[in-house]
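Here the protein sequences line up with chains A and B, keeping their order. Residues 1 to 259 (our numbering) make up the first sequence, in order. Residues 260 to 492 (our numbering) make up the second sequence, in order.
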Amino acid sequence: MSILEVKDLKKSFGKTEVLKGVSFELNEGEVLSIIGSSGSGKTTILRCINQLETADSGYISVDGVVFFDGNQHKENAAEKRKRQLLVGLVFQEFHLFPQYNVLDNVTLAAKLLAKERADYKENKKEIFADIESKAKEILAKVGLSEKLGNYPCELSGGQKQRVSIARALMLEPKILFFDEPTSALDPELTGEILKVIKSLAEDKVTMVIVTHEMSFAKAVSSKVIFMDNGVIEEAGTPEEVFDNPKSERTKAFISKFDD
Amino acid sequence: MVVVSEVFKSLFEGFGVSLEIFALTLLFAIPLGLVISFGSMSKFKPLKYFVKFIVWIIRGTPLMLQLIIIFYGPGLLATWAANSGSANPAILWMSSWQVMDRFLAVIVSFVINYACYFSEIFRGGIEGIPKGQYEAGQVLGMTKTQTFFKVVLMQVVKRIIPPMSNEIITLVKDTSLARVISVYELIWAGQTFIKSSGILWPLLATGIFYLAFNGILTIVFGKIEKKLDYYKN
Numbered sequence: 001m002s003i004l005e006v007k008d009l010k011k012s013f014g015k016t017e018v019l020k021g022v023s024f025e026l027n028e029g030e031v032l033s034i035i036g037s038s039g040s041g042k043t044t045i046l047r048c049i050n051q052l053e054t055a056d057s058g059y060i061s062v063d064g065v066v067f068f069d070g071n072q073h074k075e076n077a078a079e080k081r082k083r084q085l086l087v088g089l090v091f092q093e094f095h096l097f098p099q100y101n102v103l104d105n106v107t108l109a110a111k112l113l114a115k116e117r118a119d120y121k122e123n124k125k126e127i128f129a130d131i132e133s134k135a136k137e138i139l140a141k142v143g144l145s146e147k148l149g150n151y152p153c154e155l156s157g158g159q160k161q162r163v164s165i166a167r168a169l170m171l172e173p174k175i176l177f178f179d180e181p182t183s184a185l186d187p188e189l190t191g192e193i194l195k196v197i198k199s200l201a202e203d204k205v206t207m208v209i210v211t212h213e214m215s216f217a218k219a220v221s222s223k224v225i226f227m228d229n230g231v232i233e234e235a236g237t238p239e240e241v242f243d244n245p246k247s248e249r250t251k252a253f254i255s256k257f258d259d
Numbered sequence: 260m261v262v263v264s265e266v267f268k269s270l271f272e273g274f275g276v277s278l279e280i281f282a283l284t285l286l287f288a289i290p291l292g293l294v295i296s297f298g299s300m301s302k303f304k305p306l307k308y309f310v311k312f313i314v315w316i317i318r319g320t321p322l323m324l325q326l327i328i329i330f331y332g333p334g335l336l337a338t339w340a341a342n343s344g345s346a347n348p349a350i351l352w353m354s355s356w357q358v359m360d361r362f363l364a365v366i367v368s369f370v371i372n373y374a375c376y377f378s379e380i381f382r383g384g385i386e387g388i389p390k391g392q393y394e395a396g397q398v399l400g401m402t403k404t405q406t407f408f409k410v411v412l413m414q415v416v417k418r419i420i421p422p423m424s425n426e427i428i429t430l431v432k433d434t435s436l437a438r439v440i441s442v443y444e445l446i447w448a449g450q451t452f453i454k455s456s457g458i459l460w461p462l463l464a465t466g467i468f469y470l471a472f473n474g475i476l477t478i479v480f481g482k483i484e485k486k487l488d489y490y491k492n
């Protein structure tokens with residue numbers, strides 16, 4: 001069964017139609033890369049699924065839970081929040097919390113969430129200790145064990161992005177979304193982020209990655225979507241899309257990255 | 260011949276009242292300012308424009324005039340209502356209004372005035388926080404309240420410390436306006452010696468009090484800024 005279903009998603013900003021009917025599915029453990037030029041609607045897809053934008057029409061479900069159904073328009077904050085925990089999003093610009101150190105950035109949401117547990121008052125110490133040891137594990141995995149007490153302003157861009165990946169992983173989302181995770185980084189720093197994502201792919205974390213890193217997308221993805229002007233111009237395995245593109249537009253786009 | 264210690268005893272008394280005005284104004288104007296800032300950012304347009312209108316009135320007129328209106332206004336309205344001879348219950352009730360207590364009038368007008376100034380500082384601070392901070396809170400499953408108090412507020416505080424310290428230092432000096440409606444405070448304390456003993460220096464000496472107190476405030480705000488320097492927004 002597919003863990004992510006998107007059907008005929010449409011979204012306009014004012015008079016600009018950004019998504020003109022986008023449909024795709026993703027199975028558990030798969031990695032989907034969304035490529036395409038700027039303004040093609042890639043980021044808007046992620047923002048609609050992550051409830052940062054409300055689509056105009058269409059259908060979105062994650063792990064069988066309906067996120068958006070063109071017919072449903074009433075918003076219940078509590079339910080929206082519950083759905084939110086099924087997905088995680090890593091932003092292009094990190095959006096770390098500047099006043100918290102690395103460890104607190106990663107644990108903050110989990111600690112706030114723990115307040116809702118019935119045994120929070122009696123077991124607060126143990127719960128927080130668990131959260132912290134789990135956060136340290138994840139931070140070790142992304143290679144930041146040495147930086148637990150540092151503040152975001154003391155980190156390099158690559159380190160910041162690894163913190164933000166750890167922060168998203170902490171809540172164990174069913175699907176982890178990346179919005180151009182390396183675009184705000186100096187070229188020499190993109191490698192460390194791609195390495196982290198690759199290792200997550202090896203751990204069978206379901207991921208959707210909007211990226212401009214073509215060779216990376218080819219290496220890590222099980223599926224690739226090429227977006228052009230608000231529609232899916234071409235979709236398939238990395239081999240199909242990168243090596244034997246059927247559409248002229250895809251060919252033209254891919255060829256720009258061959259060097 | 261007046262004794263210097265006598266003069267300073269009076270000045271300290273007056274300064275005590277000035278400090279009271281200062282402290283009470285801060286105590287009430289900060290929370291009220293936060294409420295007004297939320298109003299001025301409200302998505303409900305009528306509320307937003309109503310609040311902006313009030314802020315415009317308060318910031319657009321002298322605090323001295325506001326003091327006079329708050330203090331004399333109720334009494335004037337009562338006289339007018341009593342003379343109108345109307346049987347309208349609202350006007351009858353109005354005719355029972357009394358002139359407000361002087362000190363209370365000072366606190367009311369100072370609180371309203373400073374809350375409006377603070378609200379604009381708060382609004383600037385809150386609106387200056389990047390949208391990404393709210394979005395990060397949302398995708399991490401935080402409620403809006405949690406995002407505001409755990410993520411945004413500290414960053415707002417850091418941003419508003421410099422403009423707030425400016426306003427607060429102005430407030431120290433503005434307490435002297437209470438003199439206009441005959442509330443005994445530092446300036447008045449100094450001024451009395453002109454009439455009673457024919458000497459001017461006590462009035463000039465009041466400057467030392469303002470200066471010293473603002474010196475302390477400057478140091479305190481500097482310390483707070485330094486304390487929040489461990490991170491950059």
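Here a beta-carbon is modelled for each residue, glycine too, at the ideal position from N, C-alpha and C.
Asked                                                                                                                                                                             : Found
I'd like to know whether the C-beta of Y393(B) is nearer than 7 angstroms to at least one C-beta of chain A.                                                                      : no
Under a three-way DSSP split, which group does M323(B) fall into?                                                                                                                 : helix
Say whether chain A places a C-beta atom closer than 7 angstroms to the C-beta of N565(B).                                                                                        : No answer is possible for residue 565(B): it lies beyond the span of chain B, which begins at 260 and ends at 492.
Does Y120(A) have its Cβ less than 7 angstroms from a Cβ in chain B?                                                                                                              : no
Could you give the DSSP three-state label for D203(A): helix, strand or coil?                                                                                                     : coil
Comparing C-alpha positions only, which one of A364(B), S354(B), Y308(B) and L324(B) sits nearest to F330(B)?                                                                     : A364(B)
Using the Cβ count rule (16 or more neighbours within 10 Å means buried), how would you classify V262(B)?                                                                         : exposed
How far does the beta strand (DSSP E) with V231(A) in it reach, from first residue to last?                                                                                       : V231 to G236
So what does E25(A) bridge to, in DSSP terms?                                                                                                                                     : E5(A)
Spatial neighbours of R361(B) within its chain, please: C-beta separation below 7 angstroms, excluding the five flanking residues on both sides.                                  : F330, I440, S441 and V442
How would you label Y308(B), buried or exposed, when you count the other beta carbons within 10 angstroms and need 16 or more for buried?                                         : exposed
Flag Y376(B) as yes if its beta-carbon sits less than 7 angstroms from any beta-carbon of chain A, otherwise no.                                                                  : no
Compare the Cα-Cα distances from S156(A) to each of E188(A), A168(A) and P173(A) and report the closest residue.                                                                  : E188(A)
Determine the burial state of K482(B): buried for a count of at least 16 other Cβ atoms within 10 Å of its Cβ, exposed for fewer.                                                 : exposed
Can you tell me the Cβ-Cβ gap for F97(A) and S164(A), rounded? I've got them flagged as a contact below 8 angstroms.                                                              : With a Cβ gap of about 10 angstroms, F97(A) and S164(A) do not count as contacting.
Who are the Cβ neighbours of I453(B) in its own chain at under 7 angstroms, not counting the five residues just before and after it?                                              : L459 and L462
Using three-state DSSP, classify F178(A) as helix, strand or coil.                                                                                                                : strand
What three-state label does DSSP hand S222(A) in the structure shown?                                                                                                             : coil
With 7 angstroms set as the bound, which would you pick, yes or no: does the beta-carbon of Y490(B) sit closer than that to a beta-carbon of chain A?                             : yes
Classify L26(A) as buried or exposed, calling it buried when 16 or more other Cβ atoms lie within 10 Å of its own Cβ.                                                             : buried
Quick check on S32(A): buried or exposed, where buried means 16 or more other Cβ atoms within 10 Å of its Cβ?                                                                     : For the record, residue 32(A) in the displayed sequence is Leu; it is not Ser. By the 10 Å Cβ count, L32(A) comes out buried.
G230(A) and G41(A) look like a contact to me (Cβ under 8 angstroms); what is the Cβ gap, rounded to whole Å?                                                                      : 5 angstroms
Alpha carbons only, please: which of M1(A), D56(A) and T206(A) is nearest the one belonging to G14(A)?                                                                            : D56(A)
Leaving out five residues before and five after S368(B) in sequence, what residues of the same chain have Cβ atoms less than 6 angstroms from its Cβ?                             : Q325, L326 and I329
Report the rounded CA-to-CA distance for E240(A) versus H212(A), giving the unit in angstroms.                                                                                    : 18 angstroms
Enumerate in chain order the residues of its own chain whose CB-to-CB distance from A110(A) is below 7 angstroms, with the five nearest sequence positions on each side excluded. : I131, M170 and L171
Which whole-angstrom value describes the C-beta separation of I232(A) and V22(A), a residue pair presumed to lie in contact below a C-beta threshold of 8 angstroms?              : 6 angstroms
Going straight from the alpha carbon of L412(B) to that of S264(B), what length do you get?                                                                                       : 47 angstroms
Where does G39(A) fall in DSSP's three states?                                                                                                                                    : coil
Identify the residues that DSSP records as bridge partners of S57(A): which are they?                                                                                             : K10(A)
In terms of residue numbering, what span does the beta strand (DSSP E) encompassing G88(A) cover?                                                                                 : V87 to V90
Using a C-beta to C-beta distance shorter than 7 angstroms, which residues of chain A count as neighbours of G400(B)?                                                             : R81, Q84, L85, A109, L113 and L171
With 16 other CB atoms within 10 Å as the buried threshold, where does A166(A) fall?                                                                                              : buried
Cβ atoms of P422(B) and I478(B): under 7 angstroms apart, would you say?                                                                                                          : no
Helix, strand or coil for M423(B) per DSSP?                                                                                                                                       : helix
How would you write the range of the alpha helix (DSSP H) that D104(A) sits in, first residue to last?                                                                            : V102 to A114
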